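Let me begin by presenting the structure, written as structure tokens, before commenting on it.
Chains as they are written, first to last, in the numbering used here: chain A, 64 to 393; chain B, 233 to 783.
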């Protein structure tokens with residue numbers, strides 16, 4: 064097969080993956096809607112369940128001792144008030160299927176180009192969306208975050224289709240400036256950071272909604288299936304902190320590469336400015352978690368602002384700002 | 233500084249007296265306690281401002297301000313990274329330019345307001361690091377704290393009965409905790425014994441290293457960067473560049489730069505290879521490789537070969553050379569009517585597109601009856617379009633490569649003693665004598681051809697074609713230190729975020745013919761797996777006791 068044919072198959076896989084994600088998204092939304100009505104049916108029960116934030120998934124399994132009473136401070140585990148519904152399981156299976164096809168698309172693209180498949184804006188979006196799903200699936204193994212299914216599949220479908228329709232480029236040889244092992248390291252770690260920030264932002268949004276509901280100022284009933292806002296906050300923090308570590312590495316690796324390619328490690332190029340802004344915002348988020356009066360909703364807003372800046376950096380800065388990082392290929 | 237032990241509030245209120253007063257784990261002040269204060273006095277005010285500056289809230293606000301203040305630096309071109317963009321902005325928006333320039337927006341990152349924010353932030357940071365370092369050093373020497381009377385209020389509290397005696401239980405607890413990396417200390421309790429243990433000091437160490445390394449980067453960049461320089465030079469094939477101030481096309485010295493910092497060396501461009509691939513979709517060639525074949529010489533040595541590529545700088549002593557750009561340099565010879573040479577030499581034409589259609593300027597101030605300026609285009613692989621203009625089909629030059637020049641006469645402005653950009657020609661004051669606005673058509677030449685200049689001024693010959701490479705030379709003696717601090721930042725961050733700092737207690741009290749054993753933990757910082765860790769300790773401790781009693 065010629066590279067062109069392989070690239071065509073890759074694109075076909077992209078569309079297939081997006082189609083599967085769309086179905087997964089629809090199923091997730093239907094699931095949320097159903098939860099609303101179920102919760103409504105079981106109102107008195109749900110009202111009392113709302114204040115119980117979590118039960119222990121980190122239970123002391125395997126010990127020979129009597130189960131310890133779980134102190135409130137250890138309520139780090141998630142417990143979806145209602146068990147995973149059939150629809151939720153279907154949505155999850157579809158997401159896994161979409162992910163497999165998605166990864167196949169990336170591999171084919173890489174084979175067709177014989178290089179790392181993240182050298183222009185389309186490829187970055189292609190790999191980036193897969194990593195968002197990948198992080199979601201990975202975290203699902205550790206904690207049940209399937210209540211975010213609609214957010215993840217919706218976001219990924221949207222980004223993937225926008226990228227394919229608007230910034231698609233054919234495979235072209237790598238320009239000399241990108242011919243470096245740092246392309247693999249610097250860009251991929253940036254993508255990984257983005258993946259964790261995306262999930263973190265989803266958790267923070269859920270946390271804000273849940274906090275409003277807990278305060279009685281909102282009646283979004285589907286949130287009955289979500290963990291309490293404090294559990295969401297702790298989980299969002301764990302995920303965002305991993306993203307922050309990757310982002311720090313991205314900055315440093317980028318500086319090393321810039322020194323190698325452009326003769327200076329830092330020059331306030333527009334992309335560098337925004338990467339710095341994002342880093343500072345998330346640093347603020349981490350500090351907010353440790354500042355009285357800033358925990359909870361305020362810090363959640365910072366995480367959302369941070370992820371918005373990530374999206375801004377990738378879209379607006381790429382397309383409309385002038386700078387050295389002009390590799391969109393458009 | 234971030235680390236937020238939530239559960240500390242319950243048991244260990246005063247564990248970190250040196251954290252900022254509004255840190256999440258500090259006791260909440262009594263309402264009104266900060267309101268009815270007596271007169272502060274000077275020292276009181278200073279202390280008050282210092283405490284405000286080093287508080288978490290101030291640090292947080294400064295961080296957010298820093299992010300906000302950086303935004304304008306990406307919205308308008310910056311003098312440091314895009315000086316031409318600034319000039320262009322000035323030409324296009326003269327009114328808003330004045331206002332923005334007065335605000336320093338075009339050099340955002342060295343503006344007073346940006347500097348004020350980060351300097352305050354770093355003062356606040358230092359004010360936080362120093363006492364915490366002292367406190368941490370003390371904590372590392374201190375013994376784990378006394379076992380609380382009631383463990384039941386702590387995380388993961390577990391109680392079991394065992395047939396082992398108190399001594400065995402405490403022995404095994406000590407061993408189990410030691411093997412898990414805890415520092416342990418026995419504390420007798422009424423009716424039994426207990427082990428107090430603490431681990432994860434690296435978390436605070438990492439935290440302090442992270443913040444100290446940030447200061448390190450700032451200081452190294454701020455002070456060390458002043459000793460370096462960078463300069464650009466267009467080197468035409470077969471010519472050499474000698475590293476001296478006069479040799480550079482443009483030069484940016486650091487604050488503390490002296491000419492002695494220029495290491496003596498010469499660089500000659502022998503040949504230049506550019507490899508391209510055609511993109512069938514756009515019809516434009518994409519570069520796949522640039523290689524500048526250089527010869528390098530330092531005093532007292534012979535020329536040695538060196539290849540320079542993008543992404544592969546080479547080093548001469550402490551100076552690095554980078555390949556920034558390249559293009560064609562047509563060689564032209566201008567003669568007067570008698571045939572005497574008025575000008576000869578290669579002229580670098582700057583590429584305008586991927587197929588190396590290039591624009592350049594030739595200035596002939598002397599040797600002719602009038603000063604002459606040429607402005608035109610070079611097409612490596614020319615194609616005439618239907619409207620009579622040309623384009624280049626590929627970046628590869630050949631016999632057909634075309635040089636097309638408009639000719640101007642008048643004062644070129646070279647006699648005024650002001651430095652003039654060699655790549656531009658200000659045609660406002662000049663008269664076009666060949667070109668679209670003149671009676672004579674523009675001059676078109678292929679290699680070897682000669683054309684008559686208008687007005688009987690002489691001739692111009694396209695004598696040959698050379699390549700040029702634009703090379704950046706860069707010297708920064710502190711670069712290595714910046715890298716070291718950057719890696720410390722990363723290492724410190726990973727430790728401070730992912731090493732759990734926790735305390736653990738095992739208490740054994742004689743109870744009838746057996747022992748009642750209690751386990752509990754206390755998080756010091758984010759520690760979502762503490763309950764699991766306590767359960768794990770309890771399990772391993774039980775196993776050890778089991779083995780001890782039934783060997």
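Cβ atoms here follow ideal geometry from the backbone N, Cα and C, with glycine treated the same way.
Since the structure is predicted, the reported quantities are computational estimates derived from the model, not experimental observations.
Check: Going by other Cβ atoms of all chains shown within 10 Å of its Cβ, with 16 needed for buried, is residue 573 of chain B buried or exposed?; Outcome: exposed
Check: In chain B, what lies closer than 8 angstroms to residue 155 of chain A by C-beta?; Outcome: Ordered by position in chain B, no residue passes the 8 angstroms Cβ test against residue 155 of chain A, which lies about 23 angstroms from the chain.
Check: Would residue 357 of chain A pass as an interface residue toward chain B - the criterion being a Cβ-Cβ separation below 8 angstroms?; Outcome: yes
Check: By a C-beta neighbour count over all protein chains shown, 10 Å radius and 16 as the cutoff for buried, is residue 492 of chain B buried or exposed?; Outcome: exposed
Check: Buried or exposed for residue 247 of chain A, going by 16 or more other Cβ atoms inside 10 Å?; Outcome: exposed
Check: At the level of alpha carbons, what is the spacing between residue 123 of chain A and residue 305 of chain B?; Outcome: A caution first: residue 123 of chain A carries a pLDDT of 36, below 50, which makes its placement in the model unreliable, though a value can still be read off. Their backbone Cα atoms lie some 52 angstroms apart in a straight line.
Check: Would you verify that the beta carbon of residue 400 of chain A is, or is not, closer than 8 angstroms to some beta carbon of chain B?; Outcome: Residue coverage of chain A in this structure runs from 64 to 393, which leaves residue 400 of chain A outside it and unanswerable.
Check: At a CB-CB cut-off below 7 angstroms, which residues of chain A make contact with residue 521 of chain B?; Outcome: 239
Check: Find the nearest neighbour of residue 348 of chain B within the set B/318, B/660 and B/302, judged by alpha-carbon distance.; Outcome: B/302
Check: Taking the alpha carbon of residue 428 of chain B as the point to measure from, which residue in B/403, B/575 and B/440 has its own alpha carbon closest?; Outcome: B/403
Check: For residue 274 of chain A, which residues from the same chain have a beta carbon less than 6 angstroms from its beta carbon, with the 5 sequence-adjacent residues on both sides left out?; Outcome: 292 and 360
Check: Measuring alpha carbon to alpha carbon, tell me which residue in A/288, A/202, A/310 and A/155 is nearest residue 343 of chain A.; Outcome: A/310
Check: For residue 769 of chain B and residue 331 of chain A, what's the separation of their Cα atoms in angstroms?; Outcome: 50 angstroms
Check: Using the Cα positions of residue 729 of chain B and residue 774 of chain B, report the straight-line distance between them to the nearest angstrom.; Outcome: 31 angstroms
Check: Output the residue ranges of the beta strand (DSSP E) runs that lie fully inside the stretch 399–450 of chain B and measure 3 residues or longer, sorted by chain position.; Outcome: 415–421 and 424–431
Check: What whole-angstrom Cβ distance do residue 752 of chain B and residue 307 of chain B have, given they're in contact under 8 angstroms?; Outcome: Not quite, the Cβ-Cβ distance comes to about 54 angstroms (not below 8 angstroms), so this is no contact.
Check: Run down chain A in chain order and give the residues with a C-beta less than 8 angstroms from the C-beta of residue 511 of chain B.; Outcome: 233 and 235
Check: Which class does residue 589 of chain B belong to by DSSP, given the choice of helix, strand or coil?; Outcome: coil
Check: For the stretch 653–681 of chain B, list every residue whose C-beta sits within 7 angstroms of some C-beta in chain A, in sequence order.; Outcome: none
Check: Give the single residue among B/277, B/701 and B/762 whose Cα lies nearest to the Cα of residue 555 of chain B.; Outcome: B/701
Check: With 8 angstroms as the C-beta to C-beta threshold (strictly closer), list the residues of the stretch 164–186 of chain A near chain B in chain order.; Outcome: none
Check: Select from A/210, A/70 and A/97 the residue whose C-alpha is nearest the C-alpha of residue 295 of chain A.; Outcome: A/210
Check: Chain A beta carbons: is any one of them nearer than 8 angstroms to that of residue 266 of chain B?; Outcome: Low per-residue confidence applies at residue 266 of chain B: pLDDT is 49, beneath 50, and the placement is therefore not dependable enough to give any value.
Check: If I follow the unbroken alpha helix (DSSP H) through residue 228 of chain A, where does it start and stop?; Outcome: 212–229
Check: Along the chain, where does the alpha helix (DSSP H) that runs through residue 327 of chain B open and close?; Outcome: 326–334
Check: Given that residue 301 of chain A touches chain B, what residues does it touch there, using C-beta distances under 9 angstroms?; Outcome: 758 and 760
Check: Which residues of chain A have a Cβ atom closer than 9 angstroms to the Cβ of residue 736 of chain B, listed in chain order?; Outcome: Chain A residues near residue 736 of chain B: none, gap ~14 angstroms exceeds 9 angstroms.
Check: Residue 295 of chain B and residue 346 of chain A: beta carbons closer than 8 angstroms?; Outcome: yes
Check: On the criterion of 16 or more Cβ atoms from any shown chain inside 10 Å, does residue 345 of chain B qualify as buried, or is it exposed?; Outcome: exposed
Check: Pick out whichever of A/280, A/276, A/156 and A/78 has its Cα sitting closest to the Cα of residue 290 of chain A.; Outcome: A/276
Check: Any beta carbon of chain B sitting closer than 8 angstroms to that of residue 321 of chain A?; Outcome: no
Check: Taking 6 angstroms as the limit between beta carbons, can you name the residues of its chain near residue 603 of chain B, skipping five residues before and five after?; Outcome: 597 and 644
Check: Can you confirm whether residue 315 of chain A, when its beta carbon is compared against all beta carbons of chain B, has any partner nearer than 8 angstroms?; Outcome: yes
Check: Please say whether residue 611 of chain B and residue 582 of chain B have beta carbons closer to each other than 8 angstroms?; Outcome: no
Check: Report the option in B/616, B/393 and B/379 whose CA atom is closest to the CA atom of residue 418 of chain B.; Outcome: B/379
Check: Counting only beta-carbon separations shorter than 8 angstroms, does residue 289 of chain A have a partner in chain B?; Outcome: no
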